[in-house]
Amino acid sequence: MLVRLGLEDLRVVLRDSGELIKWSSILFILPILAGIWFRESIDFLIIYGLTGVFSFFLGTALKKVFRTNADTDLKHAFMIVGLVWIVFTAISAVPFSLIMGMQFIDAFFEAMSAITTTGLSMMTSIIDSAPKSLILWRSLISWIGGVGIIVLSLMGIFTTYTKSAKLMVAEGREELIRPNLKNTAKEIWVIYVFLSILSIGLLFFVGMDFFSAVNYSMSAISTTGMDITSTGLVGIDNSLIGLSLVLIMLVGATSFSAHYLFIRKKDFGAYFKDSEFKVMISILIISLIMILPKMMLFYPNAIMAVETALFHNTSALTCGGFFNVPIGDLAKWDDFVLLILMGLMVIGGSSGSTAGGIKVSRIIIFTKSIYWRIKELILPKDSYFQKKFEGKPIENRLIREVNQFILLYIVIIVMGVFVLTMQGTGFTDALFVVVSAQGNVGLDVGVVSTLLPVASKIMLILSMWVGRLEIIPLLSAIGFALSFRKS
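Numbering (the UniProt record's numbering), first residue to last: 1 to 487.
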């Protein structure tokens with residue numbers, strides 16, 4: 001039976017979206033405080049303040065105008081999540097546009113890249129003139145995006161388990177650490193803040209100044225990968241900084257359930273009991289072995305070749321998105337190396353982490369499904385064997401959903417490549433940057449700039465949005481929206 005949306009459903013969507021938008025306005029307090037601390041122009045403070053006030057009153061107005069006692073269903077949750085991410089991205093883009101004089105499409109691109117933890121940037125050529133408060137604002141929204149605006153809002157906004165649970169499912173975060181979802185959200189935030197503080201301390205200890213350590217730690221733990229200067233990590237003669245970022249990106253790409261067991265339950269073997277973590281490390285090691293001979297041809301210094309390979313393979317697999325060589329060098333690497341990096345970006349990190357990509361769990365299930373299918377073909381017709389993932393039985397329905405997800409993921413990549421090549425981007429470059437955008441990675445070979453055609457910018461924005469919120473919820477939201485009827 002076709003599920004249709006009526007006016008009452010629309011009221012529910014706009015009411016709950018308003019609540020989320022209203023509470024997100026609190027975030028603008030931090031850049032205001034930073035601007036005061038760094039003694040920046042009063043104009044900047046006014047821009048942050050007015051944008052935050054606008055966000056608060058927009059959310060309040062939506063909540064009051066569309067007040068209803070109707071419950072939130074899964075169909076509403078899908079639309080709420082998609083709508084809030086678009087609206088909050090637009091609001092977050094305002095400071096970039098007004099302070100830096102960016103065209104709004106470029107400012108929106110920058111905000112979407114940060115919130116979706118992608119890390120592609122339109123500010124590379126002007127970032128050195130950006131005020132520190134704006135740099136911190138960009139790092140903040142990427143840090144928030146690491147665990148999701150919805151999870152942030154769960155800490156006190158929603159009062160029923162069902163509504164909260166459906167919103168978590170809609171954002172692709174179905175795994176519960178604690179039986180109560182509100183406690184789960186709190187545990188996630190406690191762990192996230194704790195790991196972020198440790199990351200700041202680590203980067204400061206190995207030689208970063210405090211401001212850089214704060215920004216890079218937020219960017220690394222959220223697997224965003226945004227630099228705070230035009231040169232970024234290029235030319236930093238400190239191997240410990242690179243190794244520290246590798247560790248932080250791996251932590252960000254590891255499931256919060258594993259962090260919970262290790263930190264809160266003192267299960268010191270938790271990470272190596274986690275199948276996704278073990279597979280992620282195995283993939284990283286195998287990919288290093290594969291590209292190292294090529295990298296040693298490009299970098300005759302063996303130590304530099306190993307460090308460069310480790311850093312960029314980790315950056316691609318975890319969706320961290322950092323690079324410590326000039327983009328020109330990255331574009332000149334052997335096609336085999338770029339192919340491996342693209343494969344890593346498609347795979348991504350663990351489910352229940354800040355990373356993007358298809359996710360390691362889906363890759364495991366997909367690989368096993370091939371084995372199971374072969375086994376079904378060679379066994380007698382009436383034979384039966386149990387299909388398991390992480391020691392638990394897995395239904396054929398879930399296997400089909402995983403395979404459908406991967407197929408749709410590839411189809412959307414093809415669409416993105418089609419749009420960029422039609423606009424004049426070379427095929428290899430287009431494929432690399434679309435895979436990077438949809439995987440929420442941020443590695444680039446020199447494609448992304450303010451000179452990119454508008455259609456290509458919009459396509460990459462859609463790729464980042466789809467990659468962060470995942471495909472099925474967005475397709476469901478579109479389907480529900482198309483089924484809207486007034487009666």
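Note that the Cβ used here is the ideal one computed from N, Cα and C, for glycine as well.
Can you give me the start and stop residues for the alpha helix (DSSP H) that W37 sits inside?
29–37
Is the CB-CB distance between A316 and G252 below 9 Å?
no
What is the rounded straight-line gap between the Cα of K278 and the Cα of E390?
12 Å
In whole angstroms, what is the alpha-carbon distance linking H76 and A90?
21 Å
Just verifying my parser: in three-state terms, what is the DSSP assignment at P453?
coil
In terms of residues, what are the limits of the alpha helix (DSSP H) holding E276?
275–298
So, using beta-carbon positions, are V214 and I200 closer together than 9 Å?
yes
Sorted by chain position, which residues of the same chain lie with C-beta nearer than 8 Å to M155's C-beta, five sequence neighbours on each side aside?
Summary for M155: the model assigns pLDDT 40, below 50, so the residue's position carries little reliability; its value from the coordinates is reported in the next sentence. K182, A185, K186, W189.
Could you tell me the boundaries of the alpha helix (DSSP H) in which S361 lies?
360–378
Within a Cβ cutoff of 8 Å, which residues of the same chain sit near P131, ignoring the five residues on either side of it in sequence?
G35, F38, E40, S41, F44, I99
If K63 and E8 are in contact, beta carbons under 8 Å, what's the gap, nearest whole angstrom?
Contact doesn't hold; Cβ gap of about 16 Å is too wide.
Any Cβ of chain C within less than 9 Å of the Cβ of T231?
The structure shown contains no chain C; it holds only a single protein chain.
Report the option in F366, M280, G349, K22 whose CA atom is closest to the CA atom of S55.
K22
Grouping DSSP H, G and I as helix and E and B as strand, with all else coil, what is K381?
coil
Do L50 and L140 count as a contact pair if the criterion is CB distance below 9 Å?
no
Pairs of beta-carbons, one from the stretch 237–244 and one from the stretch 253–268, closer than 8 Å: are there three or more?
no
V417 versus L431: straight-line alpha-carbon distance, rounded:
6 Å
Can you find the residues in the same chain that come closer than 6 Å, C-beta to C-beta, to I80, ignoring five residues on each side of it along the sequence?
V13, D16, S17
Y371 classed as buried or exposed, judged by whether at least 16 other C-beta atoms fall within 10 angstroms
exposed
Could you tell me the alpha carbon to alpha carbon distance between L233 and V84, rounded to whole angstroms?
33 Å
Please report the residue range of the alpha helix (DSSP H) in which D106 lies.
104–115
What does the alpha-carbon distance come out to for the pair S369 and L407?
14 Å
Taking its Cβ as the centre, do 16 or more other Cβ atoms sit within 10 Å of T159, making it buried, or is it exposed?
At T159 the pLDDT is 37, less than 50, meaning the model places this residue with poor confidence and gives no usable figure here.
If you measure between the beta carbons of T254 and S350, is that distance less than 9 Å?
yes
Measure from the alpha carbon of V143 to the alpha carbon of each residue in I126, G119, M123, I127, then state which is nearest.
Before going further, note that residue 143 is Trp rather than Val in the sequence given. Considering only alpha carbons, the answer is G119.
Endpoints, the alpha helix (DSSP H) within which R15 is located
7–24
Could you check what DSSP says for K63 in three-state terms: helix, strand or coil?
helix
Name, in chain order, the residues that DSSP records as bridge partners for K392.
F389
Would the stretch 450–458 count as touching the stretch 409–427 if we require 3 or more Cβ pairs under 8 Å?
yes
Give the straight-line distance between the Cα atoms of I289 and L247, rounded to the nearest whole angstrom.
19 Å
If contacts are defined as beta-carbon pairs under 8 Å, then M112 and M464 qualify, I think. What distance do you get, rounded to the angstrom?
5 Å
To the nearest angstrom, report how far apart E470 and F322 are at their CA atoms.
22 Å
Do V434 and D444 count as a contact pair if the criterion is CB distance below 9 Å?
no
Leaving out five residues on either side along the sequence, give the residues of the same chain with a beta carbon under 7 Å from the beta carbon of D227.
L233
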